[in-house]
Amino acid sequence: MTHTQETPLLEVRDLRVEISTKAGKFFPVNGHNFTLNSGETLGVVGESGSGKSMTAMSLVRLLPKHAARVTSGSIKLEGRELLSLSRSEMRKVRGRDIAMILQDPQTSLNPSFTVGNQITEALRLHAPGPRSTLRERAIEALRKVKVAAPEHRVDSYPSQLSGGMRQRVVGAIAISCAPKVIIADEPTTSLDVTVQAQYLRLLKELQEDTGMGIIFITHDFGIVANLCHRIVVMYFGRIVESGTVERIFAKPAHPYTEALIAAVPKLHGHKGRLRTIPGSPPPQSEQPPGCPFAPRCEMADTRCFTELPPTVDADGDGEHLASCWRVAGQ
Amino acid sequence: MTNTPILKVENLSQHFTFQTGMLKRQTRTVKAVTGLNFDICSGETLALVGESGCGKTTTTRLLLRLQSPTLGRVLYDGQDINELKGAGLKAYRSKVQAVFQDPWSSINPRVRIRDFVAEPLVVNEKLTSGEVERRVHAALDAVGLRPQDARKFPHEFSGGQRQRIAIASAIVSRPRLIVLDEPVSGLDVSIRSQIINLFKDLQAEYGLSYILVAHDLATTRYLADRVAVMYLGQIIEQGATDDVFDAPAHPYTEALLSAALSADPGEVRNEIPMSGEVPSPLNPPSGCAFHPRCHRSMGEICQSRSPVLGEQAPNRAVSCHQYAP
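Structural data, given as structure tokens:
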């Protein structure tokens, strides 16, 4: 790895994804800017329909064909522009440099192939070798994700494994080619708390060993608080706030972030009434002229409904950005 | 809160047997739940906590009389629910309701909201159509929906509103107890708190009791007055929510709670790692079912003898050899 501190591992600038339908054009990813450094975990937080998964898919260029496309912006991996790569060049990046872990291990594994076969699939593409070597490396990958008795498990079918074990296998596939970036899209939602804790600890250890960057897509503030270094908060296709975890939890600048954090019951907190956010997110077909959160915001004034707020530096040191008129107007 | 239990569970067990092996000659038994004992008083919330496969869902199915137990009884106002018939059973069905996890699959998409909400009344009670209409509107109003929503179809609503509709249908027959099986885990964060507050409001207004099954421990702590922690089909610890969360007595409870992530980056977590996964209920360990994963195992006694759920303090029961030598 040749990149220095100045070049981030992954740099996304002004990324915009458009979906055209008969009903009109929508922007599930609307002007994203963020960076990811090696050894860092970036949490992408938002509710369903906020564009989290579309952001992930656009990074690996796996947007649904014909329906969605990237219209502008840039995605640079160690300074190399991914958006201008040809399809075959992109295939070499996917899995080798950027790997993904998806939400549901039930559906992301093929039930009719052994675990070993599915791990070596990525290896066969990116680092071909004789069958015995590939098998050794599949066992090695299983050992890294702490699957007990990997020599036996490599010949198991997904149905023979428990949910937590399957998610480890998905993790083994992701790390098999030693990627620089892992995009994890809600990988622990279907797991029990104890298994979730084991899995998150495993991800942390793998990160310490390899220095990979992790983009963690989630709606769980517990995971964000424990695992992530920095967060971007998404609402209606836009990043409304970004900054370090400590800063955002201690002093959220955007009313949406603030309300979202206050709406989550705390394990060791007061038992008073939970804060609620009235209403629900607007449907994508309605493109409001102003701030998309304004109709649900307690602090909105007339300007919020008519003009889109700019993204401004909330604390004056470039570490904490928010797009809200309340911050911009100060 | 009064202290008369509306539901009393006595030594409730559900075992499933099936044939296996050559010519199906072997009989094997899965003990889904064994020897459950608990009460639910009116106006209180009891939570069942545990990992998947611990028997939470089987328990709720037994309480709803969707299954008959192998052993033991569920007493509703002193009567065994499995002996109820005819009018008595209909009365039980209308007084004990349920709200499930997924508002997308628990509502029939081809039925208008009015008909969906009215179903418990139509099935279990004899009312005039005017009375049904009035009750449906009152239920919709109680969950924060408008009377004109009654004419709409489920697809016209968002996930949070659908969960409100499911709740309206659960309260329309004026139940005394509602089983909440993962009632908010399918919802977005901002909607979740609306629904949690709604459960609290309805409880305060109608004196409802809840049995809550939720894997999110923070939600459980927030909603429940008492908790029963389950492991491999047995209750291993029971007590007031705050007592159990603040000072867990059973090593399993301790480890489970330590695994929960708090939405507070400043909080120091001392996670107690549990080795391995929940053993298969087909082949449970000898002695205490938790001993292979226990960080406080005392050796011989834990491996050979299964502990009994015993009173450790007033209103607090634990099933562990450490407390009953």
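Chains A and B, in that order, give the protein sequences.
Last residue of the first sequence: number 364 in this note's numbering, and the count goes up by one each step with no gaps.
Last residue of the second sequence: number 422 in this note's numbering, and the count goes up by one each step with no gaps.
We put the CB at the ideal spot given by N, CA and C, even for glycine.
Just so it is clear, the structure is predicted and the values come from calculations on it, not from any experiment.
- request: Return the chain-ordered list of same chain residues with a C-beta closer than 6 Å to the C-beta of B/Thr350, the five sequence neighbours on each side being excluded.
  value: Val326 and Glu334
message: I'd like to check one pair, A/Gly129 with A/Ala156: are the Cβ atoms closer than 8 Å?
response: yes
message: For a test of the three-state rule: what should DSSP assign to A/His100, helix, strand or coil?
response: coil
query: Going straight from the alpha carbon of B/Arg318 to that of B/Phe342, what length do you get?
result: 8 Å
task: Pair every Cβ in the segment 127-134 of chain B with every Cβ in the segment 191-199 of chain B, then say whether three or more of these pairs are closer than 8 Å.
output: no
Residues that A/Glu275 bridges to, as DSSP identifies them: A/Val267 and A/Ala356
query: Assuming A/Ala293 contacts A/Arg309 under a Cβ cut-off of 8 Å, what Cβ separation, rounded to an integer in Å, is found between them?
result: 6 Å
task: Pull out every residue of the segment 244-276 of chain A whose Cβ sits closer than 7 Å to any Cβ of chain B, in chain order.
output: His253, Phe255, Gly256, Ile257, Ala259 and Asn260
Three-state secondary structure assigned by DSSP to B/Met327: strand
message: Pull the bridge partners of B/Leu274 from the DSSP assignment, please.
response: B/Val193 and B/Ser306
- request: Please name the residue in B/Gly118, B/Leu161, B/Asp313 and B/Asp199 whose C-alpha comes closest to that of B/Leu181.
  value: B/Leu161
message: I need the DSSP call for B/Lys297, collapsed to helix, strand or coil.
response: helix
field: 7 Å Cβ shell around A/Ile173 - same chain, five flanking residues per side excluded
entry: Pro184, Glu185 and Val188
- request: Note down, one range per segment and in chain order, each beta strand (DSSP E) of at least 3 residues found wholly within the segment 142-196 of chain B.
  value: 142-146, 168-173 and 193-196
message: For the segment 251-284 of chain B, list every residue whose C-beta sits within 7 Å of some C-beta in chain A, in sequence order.
response: Ser255 and Gly257
task: Flag this pair as yes or no: are the beta carbons of B/Val281 and B/Ile292 separated by less than 8 Å?
output: yes
message: Residues of the segment 290-305 of chain A in Cβ contact with chain B at a cutoff of 9 Å, in chain order, please.
response: Tyr290, Ala293, Leu294, Ile295, Ala296, Ala297, Val298, Pro299, Lys300, Leu301, His302, Gly303 and Lys305
task: Look at the alpha carbon of B/His253 and the alpha carbon of B/Lys297, and state the distance between them as a whole number of angstroms.
output: The question names His, but residue 253 of chain B in the sequence shown is Glu. Distance between the alpha carbons of B/Glu253 and B/Lys297 is about 26 Å.
message: Let me see if you follow: with CB-CB separation under 8 Å, is A/Leu308 close to chain B or not?
response: yes
query: Where does B/Gln123 sit, in a helix, a strand or coil, going by DSSP?
result: strand
message: Please report the straight-line C-alpha distance between B/Arg366 and B/Ser355, rounded to a whole angstrom.
response: 7 Å
message: Measuring CB atoms only, is the segment 87-103 of chain A touching the segment 211-222 of chain A, in the sense that at least three cross pairs come out at less than 8 Å?
response: yes
- request: Would you be able to state if there are at least three C-beta pairs under 8 Å between the segment 262-270 of chain A and the segment 77-84 of chain A?
  value: yes
- prompt: B/Arg190 CB to nearest chain A CB: under 8 Å?
  reply: no
task: Taking only the alpha-carbon atoms, compute the straight-line gap between B/Lys187 and A/Ser224 and give it to the nearest angstrom.
output: 36 Å
- prompt: Does any residue of chain B bring its CB to less than 8 Å from the CB of A/Ala231?
  reply: yes
query: According to the neighbour-count rule (16 or more other Cβ atoms, all chains shown, within 10 Å of its Cβ), is A/Asn64 buried or exposed?
result: buried
- request: Can you tell me which of B/Ala129, B/Ile178, B/Gln331 and B/Ala265 puts its alpha carbon nearest to the alpha carbon of B/Asp235?
  value: In the sequence on display, residue 235 of chain B carries Ala and not Asp. Answer by Cα proximity: B/Ala265.
- prompt: Can you name the residues that DSSP bridges to B/Gln335?
  reply: B/Ala325 and B/Ala414
- prompt: Where does A/Gln152 land, buried or exposed, given buried means 16+ other C-beta within 10 angstroms?
  reply: buried
query: From A/Val104 to A/Pro62, what distance separates their C-alpha atoms?
result: 10 Å
- prompt: Just checking, does the segment 136-145 of chain A make contact with the segment 189-209 of chain A on the three C-beta pairs under 8 Å criterion?
  reply: yes
- prompt: So what's B/Arg402 in DSSP terms, helix, strand or just coil?
  reply: coil
Collapsed DSSP secondary structure at A/Glu115 in the structure displayed: strand
message: Short of 6 Å in beta carbon distance, which residues of its chain neighbour A/Val204, apart from the five on each side in sequence? Order them along the chain.
response: Ile135, Pro139 and Ser142
field: Any chain D beta carbon closer than 8 Å to A/Gly198
entry: Absent here is chain D; the protein component of the structure consists of chains A and B.
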